[in-house]
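Residue -13 is where the sequence shown starts when you use our numbering, and the numbers rise one by one after that.
Read through the structure below, which is laid out as structure tokens, and then see the notes.
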Amino acid sequence: MFLHYRSPKKTVPDVYMCNLAGADLVHVTVMPFLIHQWARGGHWVFGNTLCIVISSLDNCNQVACAVIMTAMSLDRYLALVHPFRLTSLRTRSKTIWINLCVWAVAGVLALPAWVHSEVLRFPDGLESCSMNLVSRRALLWYTIYQTLVSFFLPLPLILLCYILILCYTWRMYQRNNKARQYSSSVPRDRVVRLTKTVLVLVAVFLVSVGPYHVLQLVNLSVRRPSLAYHTCYYLSVCLSYAASSINPFIYILLSGHFRLRLRRRCTPQGQRLNRTTQHSALRPSQ
């Protein structure tokens, strides 16, 4: 986030990546509170107000991450496959407004958490921060709603965008290869790099978030969860939070522009190059 913020020329992907990193940062910030509750056997000690805030932020960030990833995938599709379409929408200022709208929508979609999260008091004296849903039917509808919004609706859109990008890129490469006209816009290394990037992005999204949402649906039909189920459930939660920790590195370090900025900030040679560039920019023309 720091490198993107300090970048003098922020691009449209920079805006999306900054927001994704911000969402993941908030997600990781609430994690210690939830870990503390799990480590104490489900006991919540931080009060009802913080319970509402932490649960709501957790739900809001799940939705925000999914929607930002979907918007970023659509932006990549437009930029690579239809670079001259909707160019008026693909400006930095409008992208900022789009992301603000994403956060507003995520806040609205997290309203159930704001309304129903509270500290539940059980007969054995345990106080746990959870969703106070009055019936099993309410739990059913909320679980379906959460999994659809956070996973099962964004997933096909993300897959569709990247599949279309890959198909277009490979088609252009093969056409150039067959005609023996090697266009600099679609070199082989770019095709291979893009293919690897797509596979990494989709795999991380599926492996990290998928098991949690699938187990949420399975839980609806489980009357008495076994030890194996509890173990798988907590492992899926750990996977989803681990993904929030590494998502910024995956999405940003795959960018050549980011690696160049990182090298310029963190290496002596890069810092000298920065100073030289700034000095040249400030030098008056003769």
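Glycine included, each C-beta is placed from N, C-alpha and C at the ideal position.
Asked                                                                                                                                            : Found
Contact check, GLY133 vs LEU203 under 8 Å by CB: the rounded distance?                                                                           : The amino acid at residue 133 is misidentified as Gly; the sequence shows Thr. Their Cβ separation, rounded to whole angstroms, is 6 Å, which keeps THR133 and LEU203 in contact under 8 Å.
List the DSSP bridge partners of MET117.                                                                                                         : SER103
Apply the 10 Å Cβ neighbour rule to ASN45 and answer buried if 16 or more other Cβ atoms are within range, or exposed otherwise.                 : buried
What do you get for PHE108, buried or exposed, if any count of 16 or more other CB atoms within 10 angstroms of its CB means buried?             : exposed
Give the straight-line distance between the Cα atoms of SER170 and ARG157, rounded to the nearest whole angstrom.                                : Because the pLDDT at SER170 is just 49, under 50, the model does not fix this residue reliably, and the point stays unresolved.
Report the residue from ARG76, ILE149 and LEU119 whose alpha carbon sits nearest the alpha carbon of THR(-3).                                    : ARG76
If you follow the alpha helix (DSSP H) that ASP44 is in, where does it begin and where does it stop?                                             : 34 to 67
Could you tell me whether the Cβ atoms of LEU126 and LEU206 are closer together than 8 Å?                                                        : yes
Shortest alpha-carbon distance to HIS29 belongs to which of ALA92, TRP89 and GLU113?                                                             : GLU113
Expressed to the nearest angstrom, what Euclidean distance is found between the alpha-carbon atoms of LEU11 and ALA229?                          : 11 Å
Alpha helix (DSSP H) containing HIS22: first to last residue?                                                                                    : -2 to 25
Is THR56 near LEU143, with beta carbons less than 8 Å apart?                                                                                     : yes
Below 8 Å on the Cβ atoms is my contact criterion, and I expect SER136 with MET117 to pass it. Report the Cβ-Cβ distance as a whole number of Å. : Contact flag wrong, Cβ pair sits at about 15 Å.
Near LEU201, which residues of its chain fall below 7 Å by C-beta distance, leaving aside the five closest residues on each side in sequence?    : CYS218, TYR219 and SER222
Return the residue from the list TYR2, TYR198, VAL188 and VAL186 that minimises the CA-CA distance to CYS87.                                     : TYR2
I'd like to know whether the C-beta atoms of ALA92 and VAL53 end up nearer to each other than 8 Å.                                               : yes
Is it a yes or a no for the region 147 to 155 touching the region 65 to 74, going by three-plus beta-carbon pairs under 8 Å?                     : yes
Given ASN5, which residues of its chain have a CB within under 6 Å of its CB, disregarding the five upstream and five downstream residues?       : ILE54 and ASN85
Let's test the definition: count the other Cβ atoms within 10 Å of the Cβ of HIS22 and tell me whether it reaches 16, buried, or not, exposed.   : exposed
Report back the beta-carbon spacing between VAL16 and ILE40 to the nearest angstrom; my notes put them in contact at under 8 Å.                  : 5 Å
Tell whether a beta-carbon distance below 8 Å holds between VAL105 and ASN34.                                                                    : yes
In this structure, does DSSP put THR217 in helix, strand or coil?                                                                                : helix
Along the alpha helix (DSSP H) that carries ARG78, what are the first and last residues, could you check?                                        : 78 to 95
What's the gap between the Cα of SER59 and the Cα of PRO18?                                                                                      : 30 Å
Roughly how many angstroms lie between the CA atoms of SER121 and TRP100, to the nearest whole one?                                              : 18 Å
In angstroms, rounded to a whole number, what distance separates the CA positions of SER212 and ALA96?                                           : 30 Å
So, TYR148 versus VAL188, is the Cβ gap smaller than 8 Å?                                                                                        : yes
Leaving out five residues before and five after PRO140 in sequence, what residues of the same chain have Cβ atoms less than 8 Å from its Cβ?     : ALA52, VAL53, MET55 and THR56
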